[in-house]
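J.: Below you'll find the structure I mean.
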Amino acid sequence: MDAALRDAARPKAFWWLRVHPSQPLSFFEFWPGWLFYAPVVLQWLALGVRYGSPLLPTAANPRIEAGGLCGESKTSILDQVAGEARDWIAPYTALITDAEPARDLPKAEAALARARLSYPLVGKPDIGCNGTGVRMIEDRAGLARFLADYPRGVKVIFQQFVPYEGEAGIFYVRLPGEGAGRITSLTLKSAPMVIGDGRSTLKELILKDPRAGLVPHLYLTRLKGRLTEVPATGEAVRLVFVGNHCKGSTFRNGTGEITAALTQVVDSIARAIPEFHFGRIDVRFASLAELRRGRSFRIIEINGAGSEATHIWDPSTRLVDAYAAQFFHYHAAFVIGRANRARGHRPLGVRETLRLWRQQKRLMASYPMND
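Residue numbering for the sequence shown follows my numbering, beginning at 333 and increasing consecutively.
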């Protein structure tokens, strides 16, 4: 990694921005997107001027559409993983919803049979982000509901559910020509839960929870059909399935858990994807000890230039450190894009990037609510 990127990654100490680790939310964790990302946008524009193109990150991963900045197909990335590295991926299949809804279920069951997939499954859109439209599918009736809720002519993925309890986002960066890449961020994700007391309704439990009660809008709409339920004493109720911060999952900075063993395995997987240099690999893992050893995990998704080092959403993260991480990673995307441009890979044009972005926004607006 070049000196400029190392310097960009070095956080500064501003004691007045520190958040006490015991706080359930950081003060900026749920700022409006336009507010939090304004400095990032300014940096992006400045880097565009410096490196000659604001869309240079679309060349960061030349074999992925738009470098994975927006509008890319999830299966098109997973399909590129070659050789033994494919064993790390949770098995999946995909289909396009039929113009005639009655045909969807038999088509899906045939696809599942060919891929040798069994319930439970995870269903999700092939183009999308932030966990939109992701659902658990427990049985045939759940499969039928999933298909009925999706618009026509949309490609959806069915992936074998990985029963490991842990989930993590592993950010990977490798400059073209480097002998090995490195893990620059590790996020440990967990689903928020409330514990029943035999008296309170689910809504009451959410509202009095130290964290969920501060952002109840993330859960109440999704669980509106269950809010009057009274969970039994000791019963744990999971509030969200999808491992996404903006949908309500809890993130913890696991960067201190990065080991040489894990880095070696992740690097071998990333290098099995042609021209993959920058992005986040999302996994489910059996235990933190096993993850440190680079064992007992399965990949559920691989993201490119549009992905984020999500450890910044740990409630104890300082604002200055969050921006240091953002600035480092997007600077790296430009540096990698510049190197790939010198190798003959052209960044995407403005018109095509806008087309992909608009397509993604349109599709996401049509998807059902996630679990």
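Note that beta-carbon positions come from the ideal geometry of N, C-alpha and C, so glycine has one too. Predicted model only: the values in this text are computed from it and were never measured.
#1: Could you give the DSSP three-state label for F503: helix, strand or coil?
#2: State the DSSP-derived secondary structure class of T464, mapped to helix, strand or coil.
#3: Going by DSSP in three states, M701 sits in which element: helix, strand or coil?
#4: Are L426 and K487 close, meaning C-beta to C-beta below 7 Å?
#5: Only counting the same chain, and skipping five residues up and downstream in sequence, which positions put a Cβ closer than 8 Å to that of A564?
#6: Under DSSP, the alpha helix (DSSP H) around P438 begins and ends at which residues?
#7: Please classify E470: does DSSP put it in a helix, a strand, or coil?
#8: Compute the Euclidean distance between the alpha carbons of F368 and R670, then round it to the nearest angstrom.
#9: What residues in its chain sit with their C-beta under 8 Å from that of S405, if we drop five residues either side in the sequence?
#10: Let's see if you can read the secondary structure: which residues bound the alpha helix (DSSP H) around V598?
#11: Where does N672 sit, in a helix, a strand or coil, going by DSSP?
#12: Report all residues from its chain with a CB closer than 8 Å to the CB of S600; omit the five preceding and five following residues, and keep chain order.
#13: Using only CA atoms, which one of Q492, Y662, L555 lies nearest to Y451?
#14: Just reading off the beta strand (DSSP E) that A568 is part of, what are its end residues?
#15: What residue range is occupied by the uninterrupted beta strand (DSSP E) comprising P364?
#16: Distance, Cα to Cα, A568 vs R675?
#17: What did DSSP end up calling D646 once you bin it into helix, strand or coil?
#18: Checking the sheet assignment: what are the DSSP bridge partners for M525?
#19: Nearest-angstrom Cα distance between R690 and C402?
#20: Rounded to whole angstroms, what is the Cα-Cα separation between W506 and A641?
#21: Which value, in whole angstroms, describes the spacing of the CA atoms of E432 and K556?
#22: In the DSSP assignment, find the unbroken beta strand (DSSP E) run with G611 in it and report its ends.
#23: Under 7 Å Cβ to Cβ from F666, same chain only, skipping five residues before and after it: list those, please.
#24: What does the alpha-carbon distance come out to for the pair N585 and A697?
#25: Between L518 and the rest of its own chain, which residues show a CB-CB distance below 7 Å, the 5 nearest in sequence each way excluded?
T.: Reading off the structure:
#1: strand
#2: coil
#3: coil
#4: According to the sequence shown, residue 426 is Ala rather than Leu. In this structure, K487 lies closer than 7 Å to A426 by Cβ.
#5: G528, G530
#6: 436-447
#7: coil
#8: 27 Å
#9: E397, D458, I459, K487
#10: 592-602
#11: helix
#12: A417
#13: Q492
#14: 568-570
#15: Counting along the chain, P364 falls outside any beta strand (DSSP E), and DSSP gives it neither H nor E.
#16: 54 Å
#17: coil
#18: R570
#19: 9 Å
#20: Checking the sequence, you will find Arg at residue 506 rather than Trp. Cα to Cα, R506 sits roughly 15 Å from A641.
#21: 30 Å
#22: 610-617
#23: L379, Y383, L388, P389
#24: 30 Å
#25: A500, I502, G586, T587, E589, I590, H643
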